[in-house]
Structure formats: C-alpha cells, structure tokens
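Under my numbering, read the sequence shown as residues 11 to 155, first letter to last.
Positions of the beta carbon are idealized from the N, C-alpha and C atoms, including for glycine.
Below you'll find the structure, written out as structure tokens, and then a few comments.
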Amino acid sequence: HVQKGGFYGWPWYYIGAHSDPRKTDSAPADLKEKTIVPDILMQPHNASLGLTFYDGKMFPAEYQGDLFAAEHGSWNRAVRSGYEVVRVPLDKGHASGIYEDFITGFVTPEGQPWGRPVGVAVGKDGALYVTDDAGKLIWRVSYSK
C-alpha cells in the first residue's frame, strides 16, 4: 500500500534511509527519518507499467486477489531486468514482501529482447491478457490442469 503523503526516499534515499552516494545536493534534514521502506522491493529499471488484481475464475483459488504486474524492462543496463510478468501474492489485501516470475522468456540467450510487456488485464473468461509493444501482440494466458 502507498501511504498518502508518505516519503519513499527518491531521489536521496533508497530501501529506507540509505543515502544515494550519487546525489551531491543535500536532502532536507527531516526526510531521512521519514523514509518508508516499500512493501516489495523490485529490481531497478523493471518499469512496472501495467497492474491488475486477479478476480477471474480460471486460475487456482490461491491466485484470487493477487497482483500481476507487466514489467516493460530496462534498456540502459548491461544485464537486462524486467521483460516479464510477475505475480505478487497478497495476504488479506497486503503484499507478502515477495514477488515471483509468472511469464518470462522475452529476452533471447544473447540478451536481445523480442517482447516487452506493457499491460495486463483479466478477461471475462478468467484468462490474463498481456499487451506487448515490441512484438505488437496481445498474449492470452490461460490455466489448465
């Protein structure tokens, strides 16, 4: 959850009150103690563009209410990050502090992306639909036993 009026550190701090050594200007003195640690720590430059909460009937019951995020991916790193859809398990509407890869494989073994997830939605049929602006596709993700 995001706290209204909460300070999460940017641009001076990260993961709580850890100073970013690249910042040369000083943060206001009272902000360090006010820095909130996020509920989930994602890799830098993942670029979560689309989010949805699963409310369909196709996937197993343990997926109900969980968050799915389309990670568009990084372009400015030697090692790619993102380029996937992740599932964030929720417990009574609150993040458990972890996320898991749900759809991967959008980067070739040579490190070239061939797909970049943008949006994710739940269809009336209970499937997940993922938009991909690199492949210019909409992926339908279904569950079968």
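DSSP state of residue i mapped onto helix, strand, coil
| i | result |
| --- | --- |
| L41 | helix |
| Y73 | helix |
| G103 | coil |
| S152 | coil |
| E120 | coil |
| S91 | coil |
| P127 | strand |
Residue j beta carbon less than 8 Å from that of residue i
| i | j | result |
| --- | --- | --- |
| G15 | T45 | no |
| A137 | R150 | yes |
| H11 | D40 | no |
| P127 | E81 | yes |
| G103 | W124 | no |
Cβ-Cβ separation, residue j to residue i (assumed contact under 8 Å), whole Å
| i | j | result |
| --- | --- | --- |
| H100 | L77 | Just to set this straight, residue 100 is Leu in the shown sequence, not His. The Cβ separation is near 6 Å, so the contact holds. |
| S91 | P54 | 7 Å |
| Y93 | G83 | 4 Å |
| V197 | A79 | Outside the shown range of the chain, which is 11 to 155, sits residue 197, and nothing can be said about it. |
Residue environment, residue i, which counts as buried when at least 16 other CB atoms sit within 10 Å
| i | result |
| --- | --- |
| T118 | exposed |
| F63 | exposed |
| R87 | exposed |
| V140 | buried |
| Y153 | exposed |
| R32 | exposed |
| D142 | buried |
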